[in-house]
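Take numbering that gives the first Met the number 0: the last position of the sequence shown gets the number 288, and nothing is skipped along the way.
Even glycine gets a Cβ: it sits at the ideal position worked out from N, Cα and C.
Since the model is a prediction, treat every value here as computed from it, not as a measurement.
Contents: one structure, followed by commentary.
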Amino acid sequence: MTSTLATDYTSQDWKDLVAEGKRATGSEGSAQFKLGDLGLTLVPLPPKGKRLPMKAYKLLANFAEEVGQDAERFEQYRLCAGAWPKAKRNKDVCWTVHYLLSHHPDRFMMINHPPLHRRTGTNRWTVDGARRVLGQKIHVPESIEEQLRQIEDLLDDEQVAVQVVERAMRREPVLRQVAKKPHVRESFNRAQTEEIREAHETTRKRPEVRRLDEQSEVLRVLGLCHAFAHGIGRTLPGLHLAELSEDAQDSIREGLQRVSAAVEWTEHVLRTGSTDMDEALARLIEGET
């Protein structure tokens, strides 16, 4: 069996189908309110703040089963009927809109003042229109903001979000527009920098890299020690330090204090792994005292 999907209708055909749909919707709403009124006949709404006894819920469930209704759905019909006295119902508005608005304190005024339906340019109630008024999630977004909100719901799944962004970035016009936004470039650059940092950190933890780093650090420190020792060893024999004035010798002693402080600090780092340095030590090593 082959089925076809017709998408082209004459203006009159469309109007006829819409009119038939409205009649069916009105008939369905009448049936739902009729069932709700029957539920109220069986079990009226309790006073505010009071709860029904369990036997009342059992009675309603038994009745729903007898008439072929889902018990939970039947209870929705009953509660909606209780929220909408017959004189306050609008026969031109579907039952679902009545149900959505049933807890709103201004529902009796609202039901007769429908919002603007953007596609048709008329004031009429739709299910999404009621959800929009109540601030609920809608099924068919109209504005860009509503479309974005619906997309954001899909992007809650990170795997889906990654795929969406990746596919969007394949479109050159989209890529160029996004790249013009400073905050997007900043966020991307920050994420890229963090990715590189984490990659470097991961690489550093590999055994072979750690050995190379260790050798490099040892050679750097030993190089400093060698330079100082070698320089002193070659230079001192040609000097006459004992013949220097007291002021000159004091200057050399100050330099040696700096060297001694640096050696002690290095020993501290070897023991503790901490490279913190207090201000006095920093000034001494830098020769500022």
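Residue i to residue j span [Cα, whole Å]
i	j	result
Ile110	Glu64	32 angstroms
Val159	Met168	14 angstroms
Gln248	Arg196	49 angstroms
Gly232	Asp275	31 angstroms
Gly222	Pro172	56 angstroms
Glu193	Ser259	39 angstroms
Met0	Pro113	The predicted model places Met0 with a pLDDT of 37, which falls under 50 and marks its position as unreliable, so this point remains unresolved.
Glu263	Glu185	44 angstroms
Ser250	Pro236	19 angstroms
Lys85	Arg130	23 angstroms
Gln68	Ser101	21 angstroms
Ser273	Glu266	11 angstroms
Leu4	Gln176	In this prediction, Leu4 scores a pLDDT of 45, lower than 50, which makes its location untrustworthy; no coordinate-derived value is stated.
Thr119	Thr9	17 angstroms
Leu243	Thr234	15 angstroms
Gln191	Val132	42 angstroms
Arg50	Leu41	15 angstroms
Cys224	Arg210	21 angstroms
Lys180	Leu174	10 angstroms
Asp246	Gln214	42 angstroms
Ser2	Lys14	Low per-residue confidence applies at Ser2: pLDDT is 42, beneath 50, and the placement is therefore not dependable enough to give any value.
Arg77	Met53	16 angstroms
Leu115	Thr121	6 angstroms
Val66	Val163	48 angstroms
Strand pairing of residue i, partner residues [DSSP]
i	result
Leu115	Asn122
CA nearest to the CA of residue i, picked from the options
i	options	result
Ser29	Thr265, Cys93 and Gly67	Cys93
Ala279	Arg257, Leu269, Ser273 and Arg270	Arg257
Gly286	Trp264, Leu133 and Gly254	Gly254
His97	Pro104, Ile284 and Arg88	Arg88
Leu283	Ser273, Arg252 and Arg166	Arg252
Ala60	Glu74, Lys47, Arg50 and Gly48	Glu74
Pro46	Phe32, Arg72 and Ala82	Ala82
Leu34	Arg50, Cys79 and Lys49	Cys79
Ile289	Thr119, Leu99, Glu157 and Met108	Because the chain is modelled from 0 through 288, residue 289 falls outside the range shown and cannot be assessed.
His103	Arg123, Gly134, Thr119 and Gly120	Gly134
Asp277	Thr121, Arg270 and Ala261	Ala261
Gln31	Thr95, Val217, His239 and His225	Thr95
Val217	His182, Met108, Leu269 and Asp246	Leu269
Trp124	Arg148, Asp105, Asp246 and Asp91	Asp91
Arg117	Asp36, Ile143 and Val220	Ile143
Continuous alpha helix (DSSP H) stretch holding residue i: start and end
i	result
Ala261	Glu245 to Thr271
Cys79	Ala70 to Ala82
Val177	Glu171 to Ala178
Val161	Glu157 to Met168
Lys54	Met53 to Glu65
Leu280	Glu278 to Glu285
Leu100	Trp94 to Leu100
Arg106	Arg106 to Met109
Cutoff 8 angstroms: residue i Cβ touching any chain C Cβ
i	result
Ile137	Checking the listed chains, one finds no chain C in this structure; it contains a single protein chain.
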